[in-house]
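Input: a single structure, listed below in structure tokens.
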Amino acid sequence: MKVLIIEDNPLNMKLITEILKTEGFEYLEAKDASKGIEIARKELPDIILMDIQLPDMNGIQAMRKLKNNSNTSSIKIIALTAFAMKGDRERFLREGFDGYLAKPFKYSQLIDVINDTCQCREASNKGG
Numbered sequence: 001m002k003v004l005i006i007e008d009n010p011l012n013m014k015l016i017t018e019i020l021k022t023e024g025f026e027y028l029e030a031k032d033a034s035k036g037i038e039i040a041r042k043e044l045p046d047i048i049l050m051d052i053q054l055p056d057m058n059g060i061q062a063m064r065k066l067k068n069n070s071n072t073s074s075i076k077i078i079a080l081t082a083f084a085m086k087g088d089r090e091r092f093l094r095e096g097f098d099g100y101l102a103k104p105f106k107y108s109q110l111i112d113v114i115n116d117t118c119q120c121r122e123a124s125n126k127g128g
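Going by the numbering used here, the first residue of the sequence shown is number 1, and it counts up by one from there.
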């Protein structure tokens with residue numbers, strides 16, 4: 001499975017890439033939303049981990065651009081955010097995200113949200 005990480009914090013990016021590498025995921029990296037959208041349109045990843053607070057445009061705006069494009073609309077997008085107050089999860093899902101993960105997160109939480117949101121890893125493993 002190919003995962004695109006759109007995250008501007010280098011420490012968060014390193015943590016996420018190390019977890020994905022350990023779990024055998026293929027991954028792509030973008031430090032801002034514009035580059036992330038460009039990579040998503042070119043590479044068509046299975047899933048995107050989208051930080052909400054990005055320097056050039058916020059993650060909600062970037063998610064909408066991807067969801068409103070016929071080539072990228074089916075890509076699953078997980079909101080990856082420090083917004084972790086009561087109701088935030090529901091708010092991001094209502095905005096159009098396919099999943100939600102609050103920072104800081106545990107190793108198993110990241111893997112669980114990817115698998116629960118995409119469900120393509122299990123399907124590809126069954127297909128051989």
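Backbone N, C-alpha and C fix where the C-beta goes; we use that ideal spot for every residue, glycine too.
Can the beta-carbon of residue i be found less than 8 Å from the beta-carbon of residue j?
i          : j          : result
residue 73 : residue 67 : yes
residue 47 : residue 19 : no
Buried or exposed, going by whether 16 or more other CB atoms sit within 10 Å of the CB of residue i?
i          : result
residue 98 : buried
residue 62 : buried
residue 82 : exposed
residue 50 : buried
Starting from residue i, trace the beta strand (DSSP E) in both directions and tell me its first and last residue.
i           : result
residue 51  : 47–51
residue 4   : 2–6
residue 101 : 99–102
Which of helix, strand or coil does DSSP assign to residue i?
i           : result
residue 127 : Its pLDDT being 35, under 50, residue 127 is placed unreliably by the model, and the measurement read from it follows with that caveat. Residue 127: helix per DSSP, three-state reduction.
residue 121 : Low confidence applies here, because residue 121 scores a pLDDT of 44, under 50, leaving its location unreliable; read the following figure in that light. Three-state result, residue 121: helix.
residue 23  : coil
residue 87  : coil
residue 75  : coil
residue 30  : strand
residue 80  : strand
Quick check on the DSSP output: the alpha helix (DSSP H) that includes residue i runs from which residue to which?
i          : result
residue 42 : 33–43
residue 66 : 59–67
Any 3 or more C-beta pairs closer than 8 Å across the segment 101–114 and the segment 1–19: yes
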